[in-house]
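2 protein chains.
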Amino acid sequence: MSKLEEIIETAETMIRERGYNGFSFREIADVVGVKSASVHYHFPTKGDLGAVVARAYTEKFLLALGDPEVEKVTPKKLIERYIEACRYAVVTQRKMCLCGMLGAEVAVLPDEVARETKVFFEKNIAWLAKVYARMANVGAAGALGRAYGAMATVEGAMILARTLKDPDAFEKAVKQIATS
Amino acid sequence: MSKLEEIIETAETMIRERGYNGFSFREIADVVGVKSASVHYHFPTKGDLGAVVARAYTEKFLLALGDPEVEKVTPKKLIERYIEACRYAVVTQRKMCLCGMLGAEVAVLPDEVARETKVFFEKNIAWLAKVYARMANVGAAGALGRAYGAMATVEGAMILARTLKDPDAFEKAVKQIATS
DNA sequence: TGTTATCTACCTATCGATAGATAGACAACA
DNA sequence: TGTTGTCTATCTATCGATAGGTAGATAACA
Chain A
32 MSKLEEIIET
42 AETMIRERGY
52 NGFSFREIAD
62 VVGVKSASVH
72 YHFPTKGDLG
82 AVVARAYTEK
92 FLLALGDPEV
102 EKVTPKKLIE
112 RYIEACRYAV
122 VTQRKMCLCG
132 MLGAEVAVLP
142 DEVARETKVF
152 FEKNIAWLAK
162 VYARMANVGA
172 AGALGRAYGA
182 MATVEGAMIL
192 ARTLKDPDAF
202 EKAVKQIATS
Chain B
32 MSKLEEIIET
42 AETMIRERGY
52 NGFSFREIAD
62 VVGVKSASVH
72 YHFPTKGDLG
82 AVVARAYTEK
92 FLLALGDPEV
102 EKVTPKKLIE
112 RYIEACRYAV
122 VTQRKMCLCG
132 MLGAEVAVLP
142 DEVARETKVF
152 FEKNIAWLAK
162 VYARMANVGA
172 AGALGRAYGA
182 MATVEGAMIL
192 ARTLKDPDAF
202 EKAVKQIATS
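As they're listed, the protein sequences go chains A and B. Going letter by letter, the first sequence gives residues 32 to 211 in this note's numbering. Going letter by letter, the second sequence gives residues 32 to 211 in this note's numbering.
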């Protein structure tokens with residue numbers, strides 16, 4: 032992995048653990064094994080780095096989810112897949128969703144980072160809405176509402192699990208969105 | 032209002048807007064009209080201040096919710112009251128829930144602040160569970176699950192509304208927990 | 001020989017925290 | 001009634017550490 036990729040990955044890990052105001056160029060440089068000036072070479076400002084990290088995260092996350100309208104996979108399975116992705120983040124990795132963290136801090140983010148964070152939520156909600164729309168008993172408006180609800184619940188569930196230091200809090204919180 | 036009270040109130044406002052790492056003794060001092068050393072007089076460390084703010088917030092919030100088991104008020108009305116409290120925070124005040132913000136940042140909080148944040152969630156979940164348990168079609172285990180789900184959803188809904196800059200995102204997200 | 005990437009060395013600004021001083025309120029006591 | 005001591009709340013000034021960021025030299029490499 033190149034230093035550039037290492038910087039992005041390290042930044043993602045740190046933001047997900049400690050937030051945008053909780054990491055520094057020096058810390059990233061130490062982990063990667065370079066000097067902070069070298070991090071500034073790749074990302075002139077902290078906002079540049081944050082925006083790239085958020086965009087890469089969004090891309091990676093959506094790629095893992097796959098096509099929400101592929102007929103071979105039932106909507107219920109897809110929702111379960113979505114929850115599993117978040118479960119892995121908080122239970123296995125013990126970290127927040129990157130954009131859940133950034134979303135909480137949105138008022139102190141540089142514009143370009145706030146924009147990418149918004150895009151993450153828009154794309155995730157669109158994905159979820161497409162899945163819910165495939166369910167027999169759900170209309171278009173209902174699907175969008177469910178998508179917002181599910182998105183909010185998984186983000187909140189990650190906060191709960193970390194604060195209560197109880198991975199099972201995540202399971203309890205998301206149970207209702209899993210059982211359509 | 033005494034300087035002490037002003038400090039606590041200002042700190043709450045700043046944490047809810049910008050997070051625990053997003054405010055400083057100097058900023059609070061400037062708003063209140065004293066020097067930062069005077070804030071340290073009342074709260075020797077940042078953790079001391081954060082813990083007092085979190086505890087006061089929890090107390091205030093639960094007081095506003097009232098008794099979850101008073102028979103004159105239906106469970107449905109109580110859940111609506113809960114949502115209304117959060118709606119006021121995010122739509123009118125345009126701020127996060129204090130403990131939603133602190134919960135996201137829990138990994139960088141001093142122990143005493145993390146503890147108070149945890150207490151907030153425990154008490155809120157207990158309150159919600161008592162309300163849900165009064166509903167005809169809900170058992171004890173189901174009530175607890177619903178409480179976790181509702182707690183997670185409102186916190187996530189506040190993040191969504193702020194990040195998407197759309198107050199209506201809050202409404203869409205919490206709709207399902209309102210309609211039992 | 002350029003280009004890309006990294007380095008050393010530094011900047012200014014701010015952080016949380018502390019030391020030491022002071023003005024005024026209040027109480028104890030000769 | 002004065003005097004003495006203590007407490008509260010604030011001040012000025014400063015600490016070491018760290019923040020984000022930059023200029024210019026140097027190294028690696030196509």
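In this text, a Cβ means the ideal position worked out from N, Cα and C, and glycines have one as well.
{"Query": "Since E132(A) is in the alpha helix (DSSP H), which residue starts that stretch and which ends it?", "Result": "According to the sequence displayed, residue 132(A) carries Met and not Glu. 129-135 is the span of the alpha helix (DSSP H), which, as asked, contains M132(A)."}
{"Query": "Taking only beta carbons into account, state which residues of the region 110-135 of chain A come closer than 7 Å to chain B, listed in chain order.", "Result": "M127, G131, M132, G134, A135"}
{"Query": "Just how far apart, CA to CA, sit F201(B) and M189(B)?", "Result": "6 Å"}
{"Query": "If we cut at 8 Å on Cβ distances, does R49(A) have a partner in chain B?", "Result": "yes"}
{"Query": "How many whole angstroms separate the CB atoms of V83(A) and I39(A), which I take to be in contact at a CB cut-off of 8 Å?", "Result": "6 Å"}
{"Query": "Say whether the region 49-68 of chain A touches the region 142-159 of chain B, bearing in mind that this needs 3 or more beta-carbon pairs closer than 8 Å, one atom from each stretch.", "Result": "no"}
{"Query": "Report the CB separation of V185(B) from G134(A) in whole angstroms; it is logged as a contact under 8 Å.", "Result": "So it is not a contact: roughly 14 Å between Cβ atoms."}
{"Query": "Which residue marks the beginning of the alpha helix (DSSP H) containing A69(A), and which one marks its end?", "Result": "A small fix is needed here, since residue 69(A) is Ser in this sequence, not Ala. 67-73 is the extent of the alpha helix (DSSP H) around S69(A)."}
{"Query": "State the DSSP-derived secondary structure class of Q207(A), mapped to helix, strand or coil.", "Result": "helix"}
{"Query": "Thinking just about the alpha-carbon of each residue, which of M132(A), G170(A), D199(A), E153(A) is nearest to the one in M45(A)?", "Result": "M132(A)"}
{"Query": "Going by the beta-carbon positions, is the gap between I110(B) and V162(B) smaller than 8 Å?", "Result": "yes"}
{"Query": "For M182(A), which residues in chain B fall below 8 Å Cβ to Cβ?", "Result": "G187, L191, A204"}
{"Query": "Can you tell me whether G170(B) is helix, strand or coil according to DSSP?", "Result": "coil"}
{"Query": "Quick one: list the residues of chain B neighbouring V162(A), beta-carbon separation under 7 Å, in chain order.", "Result": "Within 7 Å Cβ-Cβ: nothing; V162(A) doesn't reach chain B, min ~16 Å."}
{"Query": "Between Y51(B) and E136(B), what straight-line distance do the alpha-carbon atoms span, to the nearest angstrom?", "Result": "7 Å"}
{"Query": "What does G78(B) touch in chain A if you count any residue whose Cβ is under 7 Å from its own?", "Result": "Going along chain A, no residue has its Cβ under 7 Å from G78(B), so there is no contact; the nearest lies around 15 Å."}
{"Query": "Using the three-state DSSP reduction, which class does R165(A) fall into: helix, strand or coil?", "Result": "coil"}
{"Query": "Within a Cβ cutoff of 7 Å, which residues of the same chain sit near A160(A), ignoring the five residues on either side of it in sequence?", "Result": "A174, L175, A178"}
{"Query": "Is C128(B) closer than 8 Å to A85(B) when the C-beta atoms are compared?", "Result": "no"}
{"Query": "Is the beta carbon of R47(A) sitting closer than 8 Å to the one on K126(A)?", "Result": "yes"}
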